[in-house]
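Colleague:
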Amino acid sequence: MLNEKAKLNTKMFDPEVEQVPIRKGFGEGLLLAGEKNKNVVGLCADLTESTQMHMFARKFPERFVQVGVAEQNLVTVASGMAAMGKIPFTSSYAMFSPGRNWEQIRTTIAYNDRKVVIVGSHAGISVGPDGGTHQAIEDIALMRVIPNMTVLSPCDAIEAKKATMAAAETKEPVYIRLAREKTPIMTTEETPFEIGKAQIFFAPPMNAQVGIVATGALVHRAILAAKKFATKGISIKVLNVHTIKPIDTEAIIKLAKEAGAIVSVEEHQIIGGLGSAIAETLVANYPVPQEFIGVRNKFGQSGLPDELIEHYEMGAAHIEEAVERVLKRKK
Amino acid sequence: MLTLDENKKQWMERKANEIRQSIVESLMEAGSGHSAGPLGMADIFTALFFHILRHDPTNPSWEERDRLVLSNGHIAPVLYATMAHAGYLPVEELKTLRKFGSKLQGHPHREYLPALENSSGPLGSGLSQAVGMCLADRIDRGKHSGRQFYALMSDGELDEGNSWEGAMLANKERLQNLTAIVDRNNIQIEGYTEDIMPLEPLKDKWEAFGWHVQVIDGHNFEAIVNAFGQAQAEFSKPSVILANTIPGKGVSFMERHYEWHGKPPNETQGVEALKELRTLGGKIKSEHE
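If you're matching them up, the sequences are chains W and L in order.
Mind the numbering: the first sequence is residues 659 to 989 in the working numbering, read in order.
Mind the numbering: the second sequence is residues 13 to 301 in the working numbering, read in order.
Spelled out as structure tokens, the structure:
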């Protein structure tokens, strides 16, 4: 039922599936981007290892800038480096960058038209024990509202590596959202990746009755939910959206036309995130019922990642319930 | 080393006076904007664009140019007026300041005026951008690249933490090709800096942050040129010039009054200001009398 064209990891349903933190893919991707282009530089705000920039920093110390715990400086210095032809990647936790330095990103990077790649790690509630202060569940909204900004949200470490390498090649600034926890590997090196192009990951042979549109680590839970429906003879397709902006309007409309109902799934506030982007697309083009999986106007708290995903109603069972609800709403 | 002869000094004094007139004219036409800061900085801008900067107004994207980052974007009228007098745009175009479709946005935006190095307005981020430029330059060319990097800042924006974050990194990286200029005019939008948020002892602060510090009279061309020369000759650390200026300089009813931070002269006030600038109390005979 996995979409063959996407060349996905066939072992993703295996309980022993390989699990890797998404942020690790960024670290590997940055190293590759740095090897490919000498203008790639890295800047970090005292979180080099936990954002996985340390591999780049070790290999290219002369192209790495440690700015200390100073996220406003992080992005404004990056803007200056971009003005001189560099391709800066900045990394911190998403709660601090873009959480703390949003205006500097808006003015000195986006408005100023300086190509910088802003990497926000530890996004989502699955950050876990650190608690609500460190769980960025507003960052997609913050970044997608800025003109001239591309927003990427990879679903696993391999996709994060590709997203990082692709981000080095764009003309416009990019935000990459990364999760801290180990995430099942769903894609393979062969899975195509193009910024702005969403992909169907799970597709039963018959026409879809509901389309799930998901981003980030929760794509795996969305696929598990869809698979469960498939065993009951209900056809649910899952669309992986790694590019939240520019949203793949064509793929979303196509899925809405086929399925007639949509469930959006994201580890983010339902206000302003992927679900909102999809709703904007559907309402303007092809309105169908939509249910939203995400955090509902609340802050996070300490706990184990899985525990928190369940508490904030983003687990596979919650996705199934949302599918049931939207099925009933279909005309 | 930068030097300045008497002829050039007098020429620049006249040029600064013309630029002040252009500032007043553009603000009158705009009907909004900042008066005090631009008038106070006219001498330093004149010295930069006509004596200190390595630049080519006919080729703004010249790779070898020095980089000038304006951090406190609200003094845009002096930047625009100086650039116009230097040949980046027609002086006549200054009358489009703050108008729809103008290259001269209320706060500088390089999308509309590509000769600018940066877009600015929100305070506290310019020094860090200049730090980033300087760092990138050092990666490419080493310590003696031949290019100088300037960040023009206001004293009020030293309230911003981002300013000091940039200052710390410049010290850490020993950015010898970086010079910050602080417009020490003692006012900000709601009052005097020392009432709103005390900055003194400002020289000590910068020294404690590891910078080479000079305090100068920001209206004395010899002092200005000498300070930039000293800054360029400093080979171990970044330099900051704390330029004591008089906000509203040249227009007596504006001088030192914080109320003129953020408003333009009306028609009557503008005419009076221009009259005073054109005669300048008889001190300088304008060529355009």
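Glycine included, each C-beta is placed from N, C-alpha and C at the ideal position.
Roughly how many angstroms lie between the CA atoms of L:Glu18 and L:Glu75, to the nearest whole one?
Modeller: Between L:Glu18 and L:Glu75, the C-alpha separation is close to 32 Å.
Colleague: Rounded to a whole number of angstroms, what is the C-alpha to C-alpha distance between W:Ile929 and W:Val735?
Modeller: Taking the straight line joining both Cα atoms gives about 31 Å.
Colleague: Quick check: what's the CA-CA separation for L:Ala48 versus L:Ser34?
Modeller: Rounded to whole angstroms, L:Ala48 to L:Ser34 spans 14 Å at the Cα level.
Colleague: Might you give, ordered along the chain, the residues of its own chain that have their beta carbon closer than 6 Å to the beta carbon of L:Phe161, omitting 5 neighbours on each side?
Modeller: Arg79, Ala142, Met145, Cys146, Asn189 and Leu190, listed in sequence order.
Colleague: Taking a Cβ distance cut-off of 9 Å, strictly less, list which residues of the stretch 731-760 of chain W are near chain L, in chain order.
Modeller: Taking 9 Å as the Cβ-Cβ cut-off against chain L, the residues of the stretch 731-760 of chain W that qualify are Asn731, Leu732, Val733, Thr734, Val735, Ala736, Ser737, Gly738, Met739, Ala740, Ala741, Met742, Gly743, Lys744, Pro746 and Asn759.
Colleague: Would the stretch 960-974 of chain W and the stretch 25-39 of chain L be scored as touching if the rule is three or more Cβ pairs under 8 Å?
Modeller: Result no; under three Cβ-Cβ pairs closer than 8 Å.
Colleague: What's the gap between the Cα of L:Leu16 and the Cα of L:Val237?
Modeller: Taking the straight line joining both Cα atoms gives about 7 Å.
Colleague: So, using beta-carbon positions, are L:Gly230 and L:Thr205 closer together than 8 Å?
Modeller: Their beta carbons are not under 8 Å apart, which means L:Gly230 does not touch L:Thr205 by this criterion.
Colleague: Mind checking who W:Ala815 pairs with in its DSSP beta bridge?
Modeller: According to DSSP, W:Ala815 bridges with nothing at all.
Colleague: Strictly below 8 Å CB to CB, what residues from chain W border L:Ile151?
Modeller: Within 8 Å Cβ-Cβ: Val699, Glu720, Arg721 and Lys744.
Colleague: So, under 8 Å CB-CB, W:Cys702 and W:Met713 are touching, yes? Tell me the CB distance rounded to an integer number of Å.
Modeller: Actually they do not touch by this definition, with Cβ atoms about 12 Å apart.
Colleague: If you check the beta carbons only, do W:Val733 and W:Asn697 fall under 8 Å apart?
Modeller: No, the Cβ-Cβ distance between W:Val733 and W:Asn697 is not below 8 Å.
Colleague: Ends of the alpha helix (DSSP H) at L:Gln281?
Modeller: Element bounds for L:Gln281: Glu279 to Thr291.
Colleague: Check whether the Cβ atoms of L:Val36 and L:Leu286 lie closer than 8 Å to each other.
Modeller: Yes.
Colleague: With 8 Å set as the bound, which would you pick, yes or no: does the beta-carbon of W:Ala728 sit closer than that to a beta-carbon of chain L?
Modeller: For W:Ala728, the answer is yes, since a Cβ of chain L falls inside 8 Å of its Cβ.
Colleague: Chain B partners of W:Thr765, CB-CB under 8 Å?
Modeller: Protein chains W and L are contained in the structure displayed, whereas chain B is not.
Colleague: Applying the criterion that 16 or more other CB atoms from any shown protein chain within 10 Å of the CB defines a buried residue, is W:Glu852 buried or exposed?
Modeller: W:Glu852 should be labelled exposed.
Colleague: How about the stretch 53-66 of chain L and the stretch 107-122 of chain L: do they share at least three Cβ pairs that are nearer than 8 Å?
Modeller: The stretch 53-66 of chain L vs the stretch 107-122 of chain L: no contact.
Colleague: Does any residue of chain L bring its CB to less than 8 Å from the CB of W:Tyr769?
Modeller: Answer yes: the Cβ-Cβ gap between W:Tyr769 and chain L drops below 8 Å somewhere.
Colleague: What's the C-alpha gap between W:Thr841 and W:Ser784?
Modeller: Their backbone Cα atoms lie some 10 Å apart in a straight line.
Colleague: Is the number of C-beta pairs between the stretch 190-202 of chain L and the stretch 254-268 of chain L that are closer than 8 Å three or more?
Modeller: Short answer: they touch.
Colleague: Pop quiz: W:Ala856 and W:Ile870 are said to be a contact at Cβ under 8 Å. What is the actual Cβ separation, rounded to whole angstroms?
Modeller: The Cβ separation is near 12 Å, so there is no contact.
Colleague: Could you tell me the alpha carbon to alpha carbon distance between W:Pro862 and W:Ala768, rounded to whole angstroms?
Modeller: About 41 Å.
Colleague: Would DSSP call L:Glu301 helix, strand or coil?
Modeller: Note that L:Glu301 scores a pLDDT of 42, beneath 50, so its modelled location is shaky and nothing firm can be said.
Colleague: Shortest alpha-carbon distance to W:Ala880 belongs to which of W:Ala818, W:Ala866, W:Asn898 and W:Gln867?
Modeller: Considering only alpha carbons, the answer is W:Asn898.
Colleague: Whose C-alpha, out of W:Glu693, W:Ile894 and W:Val774, is nearest the C-alpha of W:Phe747?
Modeller: Looking at the Cα atoms, W:Val774 is the closest of the given residues.
Colleague: Taking only beta-carbon positions, decide if L:Glu10 is within less than 8 Å of chain W.
Modeller: Outside the modelled stretch of chain L, which goes from 13 to 301, sits residue 10 of chain L, for which no answer is possible.
Colleague: Between the Cα of W:Thr889 and those of W:Glu925, W:Ile936 and W:Glu978, spot the shortest distance and give me the residue it belongs to.
Modeller: Comparing Cα positions, the closest option is W:Glu978.
Colleague: Rounded to whole angstroms, what is the Cα-Cα separation between L:Ser83 and W:Ile936?
Modeller: Computed Cα separation, rounded: 38 Å.
Colleague: I think W:Val946 touches W:Ala914, with their Cβ atoms under 8 Å apart; what is that distance to the nearest whole Å?
Modeller: Yes, they are in contact, since the Cβ atoms of W:Val946 and W:Ala914 sit about 5 Å apart, within 8 Å.
Colleague: Report the rounded CA-to-CA distance for L:Leu187 versus L:Lys249, giving the unit in angstroms.
Modeller: Approximately 6 Å between the Cα atoms of the pair.
Colleague: Drop a sphere of 10 angstroms on the beta-carbon of L:Val194, count the other beta-carbons inside from all chains shown, and report buried for 16 or more, exposed for fewer.
Modeller: Per the 10 Å Cβ criterion, buried.
Colleague: Using C-beta distances below 7 Å, list every residue in its chain close to W:Arg802, excluding the 5 sequence neighbours before and after it, in chain order.
Modeller: Excluding residues within five positions, the ones whose Cβ falls inside 7 Å are Val809, Ile902, Lys903 and Ala935.
Colleague: Between W:Gln658 and chain L, is any beta-carbon pair separated by less than 8 Å?
Modeller: Because chain W in this structure spans residues 659 to 989, residue 658 of chain W falls outside the shown range and cannot be described.
Colleague: Quick one: is W:Val981 near chain L, going by C-beta distance under 8 Å?
Modeller: No, because no Cβ of chain L sits closer than 8 Å to the Cβ of W:Val981.
Colleague: Can you grab the Cα-Cα spacing for the pair W:Asn955 / L:Leu289, in whole Å?
Modeller: One C-alpha to the other measures close to 59 Å.
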